[in-house]
Amino acid sequence: MLGTIYELLRNLFKKPMTVRFPHESIEIPNGFRGEHYYDIDKCISCGLCSKICPNRAIEMIEMPEKYKEKYPKSYPRIDIGKCCFCGLCEDICPRNSLKLTKNFFLSTFDPKSVIKEPIKNDMD
Amino acid sequence: MRKMREKNPTSYELLFGPAHPGSGNFSVRLRIEGERVVSARADPGYLHRGFEKLMEYRNAMQNSVLSDRLCILEPLNWNLIHAEAVDELTQEEIPEKAKYIRVLMVELSRIQSHLIWYGAMSMGLGFDTGFKLAFGYRDYILDLFELITGGRVYPAGYICPGGVRRDLPDSAEGRIRKVMIKMEEMLQRCENFETTTILPRTRGVGTLSLKDAIRLGATGPIIRASGLKTDVRRDDPYEIYPELDFEIPVRREGDAYARCMIRRQELRESINIVKQVLDRMPKEKLKPVKPKLNQKIPEGEVYVRNEIARGEAGIYMKSTGEDKPYRCKIRGPSLLHMIPVLEHLLKGCQIADVPAIYWSLNICPADMDR
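Just so you know, the protein sequences line up as chains A and B, in that order.
Number 118 in the numbering used here belongs to position 118 of the first sequence; there are no gaps in the numbering.
For the numbering used here, count along the second sequence from 1 and bump the result up by 124.
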């Protein structure tokens, strides 16, 4: 019983184990598996990322007409809703055009926003 | 709650789970007379995902990502079993450092799994401080997993066929040592509470004799608490376990208290193993394993077994020479603990003892339903 009271008193003067999240957060280490970063100019359209993806979250798509001249091949479209963030696509990419970043703020109410097109904007 | 017979108002059926906090996706139907449980019937199947079939459609690297999900509470241990099964089929040489990293990660995973158990057990006994303490300290280990594997809970096949997916970062060793000091401090704090909380609720409750434990197929800490000294790490050593020096705790009582104490001692042993592995870790840099497509697995069949936090786990794998396994049968330790052992122990106990017995078995619905 004395041990319990001692523990109670000790806890009154200790800093909490948690941090006040929106105001401060713990440091995210390098190599964290978060949202994808994709560089279309480095991509060689090999399609390995879409073949290794265990959840079939990556689909190789053709670009719309206005980009077709510059990017004539097929490029990965990532469905983050299906992704399990295993990072196999990052590891298999021969040109490092696909990388996982530290961004983990991915919750959304908009189902369209979870699909990452090869080029941002005007893809509809 | 449902009344069994109109004539006898004290006899009814009670469902423990699946909506009970802490029971997991699992339920037990208890037939109760007054305060006494007359019979218990386990009701599994709420978490069936069909892993054995899913694995037949994926290659070895994709399967190692999938093997995380076999048991949410100890994904790295399941990674290791899957990786060992594939390695034994391909006869690939594993680098020495990769073996050390594998054992290090598996033991860290065992510690965090036992901490979850401590938290759930404390919550079941109405000891909320223990729950908060255990889950708070578990987060220090999750920080280590985040640093080493890139994810807090799911390592995404960190231990994969051929070694590990990346080398340990330079800062890892110092941080692991610091966390181990914190773990020892936590164990010390838990021991202070033990006589007032855990001991009175668990001593003499749910006694499992050695004869029954063998008959019902208990493994791991549950059979060790009934008096049989057995551990796959000693009996059928894998990775670098033969070089390490550790004790296998055994008790003879077989009650819920003995099972709790076995896990408490195992936590200490795991901390020792982590320290030994860090001392002996080779210094050279390790080449990470890169995923490959169309990597054929030679024809053959293999059964690999490992000691995980809940008991003995195994994978039987058959390959017909393609890149995907022909058949993959998974043996989880929880199935036998959750159905025959739990039903046997609950029969005849008091209704207030049900949580203490349930959580003393440390069962995981995910690895049972698969």
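Built from N, CA and C at the ideal position, the CB exists for glycine as well.
Just so we're clear, the structure is a prediction, and the values are computed from it rather than from any experiment.
Anything in chain A within Cβ reach of residue i, meaning under 7 angstroms, just list it in chain order.
{"i": "residue 194 of chain B", "result": "The premise fails here: residue 194 of chain B is roughly 14 angstroms from chain A at the closest Cβ pair, so nothing lies under 7 angstroms."}
{"i": "residue 270 of chain B", "result": "29, 32"}
{"i": "residue 286 of chain B", "result": "None at all; the shortest Cβ gap to chain A is about 12 angstroms."}
{"i": "residue 274 of chain B", "result": "31, 32, 33, 87"}
By Cβ distance, which residues of its chain are closer than 8 angstroms to residue i, with the 5 residues on each side in sequence left out?
{"i": "residue 85 of chain A", "result": "33, 34, 100"}
{"i": "residue 248 of chain B", "result": "146, 479, 480, 482, 483"}
{"i": "residue 300 of chain B", "result": "228, 232, 268, 398, 402"}
If residue i sits next to residue j, beta carbons under 8 angstroms apart, how far is it from one beta carbon to the other, in whole angstroms?
{"i": "residue 326 of chain B", "j": "residue 381 of chain B", "result": "4 angstroms"}
{"i": "residue 95 of chain A", "j": "residue 42 of chain A", "result": "5 angstroms"}
{"i": "residue 344 of chain B", "j": "residue 457 of chain B", "result": "6 angstroms"}
{"i": "residue 464 of chain B", "j": "residue 340 of chain B", "result": "4 angstroms"}
{"i": "residue 317 of chain B", "j": "residue 250 of chain B", "result": "So it is not a contact: roughly 13 angstroms between Cβ atoms."}
{"i": "residue 180 of chain B", "j": "residue 451 of chain B", "result": "7 angstroms"}
{"i": "residue 434 of chain B", "j": "residue 473 of chain B", "result": "Not quite, the Cβ-Cβ distance comes to about 22 angstroms (not below 8 angstroms), so this is no contact."}
{"i": "residue 179 of chain A", "j": "residue 281 of chain B", "result": "Lying outside 1 to 124, the shown extent of chain A, residue 179 of chain A is not represented and no answer is given."}
{"i": "residue 294 of chain B", "j": "residue 412 of chain B", "result": "Not a contact, Cβ separation roughly 15 angstroms."}
With a threshold of 7 angstroms on Cβ separation, who are the neighbours of residue i within its own chain once the five nearest residues in sequence on each side are excluded?
{"i": "residue 239 of chain B", "result": "258, 261, 262"}
{"i": "residue 124 of chain A", "result": "The predicted position of residue 124 of chain A is uncertain, since its pLDDT is 48 and thus under 50; a value taken from the coordinates is nonetheless stated next. Closer than 7 angstroms at the Cβ level, and outside the excluded window around residue 124 of chain A, lies no residue."}
{"i": "residue 19 of chain A", "result": "25, 26"}
{"i": "residue 163 of chain B", "result": "155, 471"}
{"i": "residue 390 of chain B", "result": "238, 345, 373"}
{"i": "residue 139 of chain B", "result": "151, 153"}
{"i": "residue 6 of chain A", "result": "none"}
{"i": "residue 289 of chain B", "result": "281, 282, 412, 413"}
{"i": "residue 188 of chain B", "result": "203, 206, 207, 281, 284, 285"}
How would you list, in chain order, the residues of chain B whose beta-carbon sits under 8 angstroms from the beta-carbon of residue i?
{"i": "residue 48 of chain A", "result": "417"}
{"i": "residue 4 of chain A", "result": "316, 317, 320"}
Just to confirm, is the Cβ distance from residue i to residue j under 7 angstroms?
{"i": "residue 190 of chain B", "j": "residue 233 of chain B", "result": "no"}
{"i": "residue 286 of chain B", "j": "residue 216 of chain B", "result": "yes"}
{"i": "residue 417 of chain B", "j": "residue 102 of chain A", "result": "no"}
{"i": "residue 135 of chain B", "j": "residue 157 of chain B", "result": "yes"}
{"i": "residue 36 of chain A", "j": "residue 78 of chain A", "result": "yes"}
{"i": "residue 363 of chain B", "j": "residue 276 of chain B", "result": "no"}
{"i": "residue 166 of chain B", "j": "residue 462 of chain B", "result": "yes"}
{"i": "residue 444 of chain B", "j": "residue 423 of chain B", "result": "yes"}
{"i": "residue 386 of chain B", "j": "residue 375 of chain B", "result": "yes"}
{"i": "residue 379 of chain B", "j": "residue 331 of chain B", "result": "yes"}
{"i": "residue 149 of chain B", "j": "residue 171 of chain B", "result": "yes"}
{"i": "residue 425 of chain B", "j": "residue 453 of chain B", "result": "no"}
{"i": "residue 118 of chain A", "j": "residue 75 of chain A", "result": "yes"}
{"i": "residue 97 of chain A", "j": "residue 73 of chain A", "result": "no"}
{"i": "residue 268 of chain B", "j": "residue 303 of chain B", "result": "yes"}
{"i": "residue 436 of chain B", "j": "residue 356 of chain B", "result": "yes"}
{"i": "residue 218 of chain B", "j": "residue 439 of chain B", "result": "no"}
{"i": "residue 494 of chain B", "j": "residue 175 of chain B", "result": "yes"}
{"i": "residue 297 of chain B", "j": "residue 466 of chain B", "result": "no"}
{"i": "residue 349 of chain B", "j": "residue 388 of chain B", "result": "no"}
{"i": "residue 54 of chain A", "j": "residue 419 of chain B", "result": "no"}
Leaving out five residues before and five after residue i in sequence, what residues of the same chain have Cβ atoms less than 6 angstroms from its Cβ?
{"i": "residue 183 of chain B", "result": "447, 448"}
{"i": "residue 405 of chain B", "result": "224"}
{"i": "residue 88 of chain A", "result": "52"}
{"i": "residue 394 of chain B", "result": "231, 234, 235"}
{"i": "residue 245 of chain B", "result": "483"}
{"i": "residue 460 of chain B", "result": "341"}
{"i": "residue 210 of chain B", "result": "184, 285"}
{"i": "residue 47 of chain A", "result": "60"}
{"i": "residue 83 of chain A", "result": "57"}
List, in order along the chain, the chain A residues whose C-beta lies closer than 8 angstroms to that of residue i?
{"i": "residue 290 of chain B", "result": "31"}
Mind listing the chain B neighbours of residue i? Cutoff is C-beta to C-beta under 9 angstroms, in chain order.
{"i": "residue 7 of chain A", "result": "253, 313, 316, 317"}
Using a C-beta to C-beta distance shorter than 9 angstroms, which residues of chain A count as neighbours of residue i?
{"i": "residue 174 of chain B", "result": "Result: empty, since nearest Cβ-Cβ is about 15 angstroms, beyond 9 angstroms."}
{"i": "residue 280 of chain B", "result": "33, 84, 85, 86, 87, 88"}
Exercise. According to a CB-to-CB cut-off of less than 7 angstroms, which residues of the segment 180 to 206 of chain B neighbour chain A?
Worked result: 182, 185, 186, 189, 190
Problem set entry | Under 8 angstroms (Cβ pairs) to chain B, residues found in the segment 75 to 99 of chain A | 84, 85, 86, 87, 88, 91, 92
For this session: Taking only beta carbons into account, state which residues of the segment 391 to 417 of chain B come closer than 7 angstroms to chain A, listed in chain order.
Result: 414, 415, 417
Exercise. Taking any Cβ of chain A, which residues in the segment 309 to 342 of chain B have a Cβ under 7 angstroms from it, in chain order?
Worked result: Going along the segment 309 to 342 of chain B in chain order, one finds 313, 316, 317, 320 with a Cβ nearer than 7 angstroms to chain A.
Exercise. What residues in the segment 242 to 260 of chain B have a beta carbon less than 7 angstroms from any beta carbon of chain A?
Worked result: So the list reads 260, given in the order they occur along the chain.
Problem set entry | Contact residues within the segment 40 to 71 of chain A, judged by C-beta distance below 7 angstroms to chain B | 48, 51, 52, 54
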